[in-house]
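Colleague:
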Amino acid sequence: MAMTEELIDVKELIASRSVEEHCRLAEHYFTGLDDWTYYLGKPFTDPEQTPQLLINFALLLQGLQLCPGLKVLDFGAGSCWTSHFLTQLNCKVFALDASETALKMGRELYARHPPFGHRPAPQFLRFDGERIDLPDKSVERIVCFDAFHHVPNPERILSEFSRVLVEGGIAGFSEPGPQHSNSPDSQREMRDFGVIENDVVIEQIWNEAERLGFTDLKLSVFHLPPFHLSLAAFNDLIAGGATAQDYTAATRDYIQHQRNFFLFKGERKISDSRFRRGLTAKIDVQEQRLRLRAGEEIRFPVTIINDSPAIWLPVSERVGSVELGVHVYLPDGTLLHHRFHSEPLTPDTGRAIMPNEKVELVTRIPPLCAGSYVLELDMVSNDVCWFTQNGSPTVHVQVEVN
């Protein structure tokens, strides 16, 4: 941009076209690309940009509190690299963009690099700039990665986010700051391509979001540029010396131009067993030594208390259903069978187990061959974790089979 050229006013740029025209321009941007390699390779295309993309995305994932099975809207998905990672995390993803060509790019990405394992297939949605093609209260999380500052109608978009998000849902944003439109890159994008590079003013966003029913706002405070220290300076920072003040100043300078934030809708729901954090149990067994005949089913009463703050989901749920699991060890501690057996806590498809609820059952563990064994009883949230990974105590039962 030549020095004699006047700065483009982003508000005037937005007003110069209808929403429909801005959407057509987004499609024109992607159809004008001769080579998709750069976009299909994101976030690992440009070594200079990769750390910034990954750090911002990681902070977004952290704040969104994801778990397997969540329904996630990826707003302004573009080439869908963020959608692809969300699918790999076992989320049901709705990839939405105003450009049909961008979504074709996303389909190509999934076709060339299918996610590992059994994962929910993504759904690709064309956005008309006004209404998200999803029912009310149909998604649990919204990802808006470097996309919100491109829309011509942010108030309308926030309204749609509020509509499609469930109570207790979270919308996460990674966006530039309040002076974004004046940066050289932004001016070039607006001048050459007509792309909206709007300023992101959190106060304005929160005023509108609160009016629409969002109940809380949280902002990430972080420092992206390298802040490498000598050992002496590192120890000084840990001790709260002058280096800590330098780090605070560097962080403050950085976040002048970056806004990673989260909007929360409604009251926070009680957590459930799709989320690993806090899953613990108390398991009690009266008979800790058993003598059985070969071929005899291993049966004994077990009392289990949900002493976590989360609801335990029943076996009718594919992800996060909680069962009693059994590992088999030899007396010397050698693992013989990992997850030799698991069983639901209530009959048939079962029901959810609430925090502090007690469950009593009689195990039906398959027979073991003649020998000496140690059974380790632990709770498992399927496709999430074994409770012992959270420090939850297990119970051991010695078994002699003749």
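For any residue, its number in our numbering is found by taking its place in the sequence shown, counting from 1, and adding 33. Ideal Cβ placement from N, Cα and C applies to all residues, glycine included.
Under 8 Å between the Cβ atoms of residue 393 and residue 334?
Modeller: Cβ distance < 8 Å, so residue 393 and residue 334 count as in contact.
Colleague: DSSP on residue 121, reduced to helix/strand/coil?
Modeller: Residue 121 falls in the helix class under three-state DSSP.
Colleague: Would you call the CB atoms of residue 290 and residue 210 closer than 8 Å?
Modeller: Yes, the Cβ-Cβ distance between residue 290 and residue 210 is below 8 Å.
Colleague: On the three-state DSSP scale, how would you describe residue 221?
Modeller: Note: residue 221 maps to helix in three-state DSSP.
Colleague: Would DSSP call residue 187 helix, strand or coil?
Modeller: Here residue 187 sits in helix by DSSP.
Colleague: Using 10 angstroms around the beta-carbon of residue 65, count the other beta-carbons present and answer buried if the total reaches 16, otherwise exposed.
Modeller: That one is exposed.
Colleague: Which word fits residue 56, buried or exposed, when buried means at least 16 other C-beta atoms lie within 10 angstroms of its C-beta?
Modeller: Classification of residue 56: buried, given that the 10 Å Cβ count is 16 or more.
Colleague: Measuring alpha carbon to alpha carbon, tell me which of 251, 82, 275, 70 ends up nearest residue 9.
Modeller: It is not possible to answer for residue 9, since the shown part of the chain is limited to 34 through 435.
Colleague: Give me the DSSP bridge partner(s) of residue 115.
Modeller: Answer is none; residue 115 lacks a bridge partner.
Colleague: Going by DSSP, what residue range makes up the alpha helix (DSSP H) through residue 150?
Modeller: Taken as a continuous stretch (DSSP letters only), residue 150 belongs to no alpha helix (DSSP H), as it is neither H nor E.
Colleague: So, at 7 Å on beta carbons, what are the nonlocal neighbours of residue 385 in its own chain, with the 5 sequence-adjacent residues on each side left out?
Modeller: Excluding positions up to five away in sequence, the list reads 344, 345, 346, 347.
Colleague: Hey, is the region 91-111 in contact with the region 166-178, meaning 3+ C-beta pairs nearer than 8 Å?
Modeller: Result yes; three or more Cβ-Cβ pairs closer than 8 Å.
Colleague: Please list the terminal residues of the continuous alpha helix (DSSP H) segment that includes residue 279.
Modeller: Run containing residue 279: 275-288, per the alpha helix (DSSP H) assignment.
Colleague: Compare the beta carbon distance of residue 133 and residue 188 with 8 Å and say whether it is the shorter of the two.
Modeller: Not closer than 8 Å, so no.
Colleague: Does the separation of the CB atoms of residue 142 and residue 112 fall below 8 Å?
Modeller: It is a contact, given that the beta carbons lie within the stated cut-off.
Colleague: From what residue to what residue does the beta strand (DSSP E) around residue 360 run?
Modeller: Looking at the DSSP string, the run of the beta strand (DSSP E) that includes residue 360 is 355-362.
Colleague: Do residue 238 and residue 97 have their C-beta atoms within less than 8 Å of each other?
Modeller: Taking 8 Å as the Cβ cut-off, residue 238 and residue 97 do not qualify as a contacting pair.
Colleague: Which two residues bound the contiguous beta strand (DSSP E) that contains residue 407?
Modeller: Residues 404-414.
Colleague: Rounded to whole angstroms, what's the CA-CA distance from residue 418 to residue 86? Just pull it up for me.
Modeller: Whole-angstrom Cα-Cα distance: 29 Å.
Colleague: Does the beta-carbon distance from residue 408 to residue 357 come in below 8 Å?
Modeller: Cβ atoms of residue 408 and residue 357: not closer than 8 Å.
Colleague: By the three-class DSSP mapping on this structure, what secondary structure does residue 248 have?
Modeller: In the structure shown, residue 248 sits in a strand (DSSP, three-state: E or B).
Colleague: How about residue 353 and residue 405: are their beta carbons less than 8 Å apart?
Modeller: Taking 8 Å as the Cβ cut-off, residue 353 and residue 405 do not qualify as a contacting pair.
Colleague: DSSP three-state label for residue 374, please.
Modeller: In this structure, residue 374 counts as strand in the three-state DSSP scheme.
Colleague: If I measure Cβ to Cβ from residue 295 and keep anything under 6 Å in the same chain, skipping five residues before and after, which residues do I get?
Modeller: Once the five neighbours on either side are set aside, the close Cβ partners of residue 295 are 96, 203, 205, 251.
Colleague: When you compare only the Cα positions, how much space is there between residue 428 and residue 284?
Modeller: For residue 428 and residue 284, the distance between alpha carbons rounds to 47 Å.
Colleague: Compute the distance between the beta-carbons of residue 248 and residue 311, then report whether it is under 8 Å.
Modeller: Against a cut-off of 8 Å, the Cβ pair of residue 311 and residue 248 comes out as no contact.
Colleague: Spatial neighbours of residue 90 within its chain, please: CB distance less than 6 Å, with the 5 preceding and 5 following residues excluded, ordered by chain position.
Modeller: The answer is none, since no qualifying residue turns up.
Colleague: Out of curiosity, what's the CA-to-CA distance linking residue 349 and residue 337?
Modeller: Roughly 20 Å between the two C-alpha positions.
Colleague: At the level of alpha carbons, what is the spacing between residue 301 and residue 199?
Modeller: Cα to Cα, the separation comes out at about 11 Å.
Colleague: On the CB-based measure, 16 or more other CB atoms within 10 Å of its CB, does residue 70 come out buried or exposed?
Modeller: Exposed, by the Cβ-count rule.
Colleague: Expressed to the nearest angstrom, what Euclidean distance is found between the alpha-carbon atoms of residue 138 and residue 265?
Modeller: If I take the Cα positions, the gap works out to 49 Å.
Colleague: Report the three-state DSSP secondary structure of residue 293 (helix, strand or coil).
Modeller: Residue 293 falls in the strand class under three-state DSSP.
Colleague: What does DSSP give as the partner residue(s) for residue 144 in the beta ladder?
Modeller: Answer is none; residue 144 lacks a bridge partner.
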